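Just below is one structure, and these are the notes that go with it.
Protein chains in written order, with our numbering: chain A, 114 to 226; chain B, 658 to 770.
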């Protein structure tokens, strides 16, 4: 079945460091891919998305490129801030507009001043 | 202005009890969801409703019964609570034409003793 695998956390970085959180997926066809973020004590919110191969999603300095050849959607940010500390979830949706999201296990990011 | 709200925020109860969690959204969305997040932060969809009609039911025990009195509300009733039901339950909603962009509530932390 469809699945999403993320790198194990927690990831601990100093402020202004470069961030990469790896995400790979298994799915038939051409899924849409998403990154959601969960700040402490809050629900998830959509960070960025890409709907077809080679698309790049970006928001708030974060980027991720849909790589069909490597079935990956790695999240990157050039310079993290303390306020980026959160849990990041990679997700896919295989069928268009069904609302069924399949999430990875989440990666906790801690950014220290 | 809270977009997706849930009550209660915390729920501590004994095994065997019946409890309900309420969810309301003021975004005008037609589709609403319930997710379960376990202690390892793994997030899985349980149900989705579109305009009061059940769309997704992900092999959840029938002790869990969603109820949608109108399209702005989706409540979750749980009968005969078990220890394994302890988790954080998130409600979410989405626009019918953009269902993968979901707006999550703050979550209800359920602890079954």
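We put the beta carbon where it would ideally sit given N, CA and C, even for glycine. The structure displayed is predicted, hence computed values, not measured ones.
Output the distance between the C-alpha atoms of residue i and residue j, rounded to the nearest integer angstrom.
i: residue 732 of chain B; j: residue 695 of chain B; result: 19 angstroms
i: residue 191 of chain A; j: residue 721 of chain B; result: 44 angstroms
i: residue 218 of chain A; j: residue 698 of chain B; result: 6 angstroms
i: residue 188 of chain A; j: residue 137 of chain A; result: 11 angstroms
i: residue 761 of chain B; j: residue 161 of chain A; result: 15 angstroms
i: residue 684 of chain B; j: residue 752 of chain B; result: 9 angstroms
i: residue 202 of chain A; j: residue 171 of chain A; result: 15 angstroms
i: residue 193 of chain A; j: residue 132 of chain A; result: 7 angstroms
i: residue 175 of chain A; j: residue 220 of chain A; result: 15 angstroms
i: residue 115 of chain A; j: residue 715 of chain B; result: 14 angstroms
i: residue 152 of chain A; j: residue 673 of chain B; result: 33 angstroms
i: residue 724 of chain B; j: residue 167 of chain A; result: 41 angstroms
i: residue 215 of chain A; j: residue 117 of chain A; result: 7 angstroms
i: residue 765 of chain B; j: residue 212 of chain A; result: 21 angstroms
i: residue 150 of chain A; j: residue 759 of chain B; result: 12 angstroms
i: residue 183 of chain A; j: residue 726 of chain B; result: 45 angstroms
Do the CB positions of residue i and residue j come within less than 8 angstroms of each other?
i: residue 199 of chain A; j: residue 177 of chain A; result: no
i: residue 749 of chain B; j: residue 661 of chain B; result: yes
i: residue 769 of chain B; j: residue 670 of chain B; result: yes
i: residue 197 of chain A; j: residue 222 of chain A; result: yes
i: residue 700 of chain B; j: residue 706 of chain B; result: no
i: residue 155 of chain A; j: residue 225 of chain A; result: no
i: residue 165 of chain A; j: residue 143 of chain A; result: yes
i: residue 831 of chain B; j: residue 702 of chain B; result: The question about residue 831 of chain B has no answer here: the residues shown for chain B are numbered 658 through 770.
At 7 angstroms on the CB atoms, spell out the chain B contacts of residue i, in chain order.
i: residue 200 of chain A; result: 698
What does residue i reach in chain A if we use C-beta pairs closer than 8 angstroms?
i: residue 688 of chain B; result: 212
In the DSSP output, which residue or residues are listed as bridge partners for residue i?
i: residue 727 of chain B; result: B/730
i: residue 146 of chain A; result: A/163, A/205
i: residue 749 of chain B; result: B/690, B/761
i: residue 714 of chain B; result: B/704
i: residue 679 of chain B; result: B/664
i: residue 119 of chain A; result: A/136
i: residue 768 of chain B; result: B/669
Give me the chain B residues within the contact set of residue i, using Cβ-Cβ distance strictly less than 8 angstroms, ordered along the chain.
i: residue 157 of chain A; result: 700, 747, 749, 759, 761
i: residue 147 of chain A; result: 757
Under 7 angstroms Cβ-Cβ, which residues of chain A neighbour residue i?
i: residue 705 of chain B; result: 212
Find the residues of chain B that neighbour residue i, judging by a C-beta separation of less than 9 angstroms, and give them in chain order.
i: residue 194 of chain A; result: Near residue 194 of chain A there are no residues of chain B at all, since even the closest Cβ is about 22 angstroms away, more than 9 angstroms.
i: residue 219 of chain A; result: 694, 697, 698, 699, 700
In chain A, what lies closer than 9 angstroms to residue i by C-beta?
i: residue 661 of chain B; result: 156
Could you tell me which whole beta strand (DSSP E) segments of length 3 or greater appear in the region 150-219 of chain A? Fully enclosed beta strand (DSSP E) runs of 3 or longer: 157-163, 169-172, 175-178, 188-190, 199-206.
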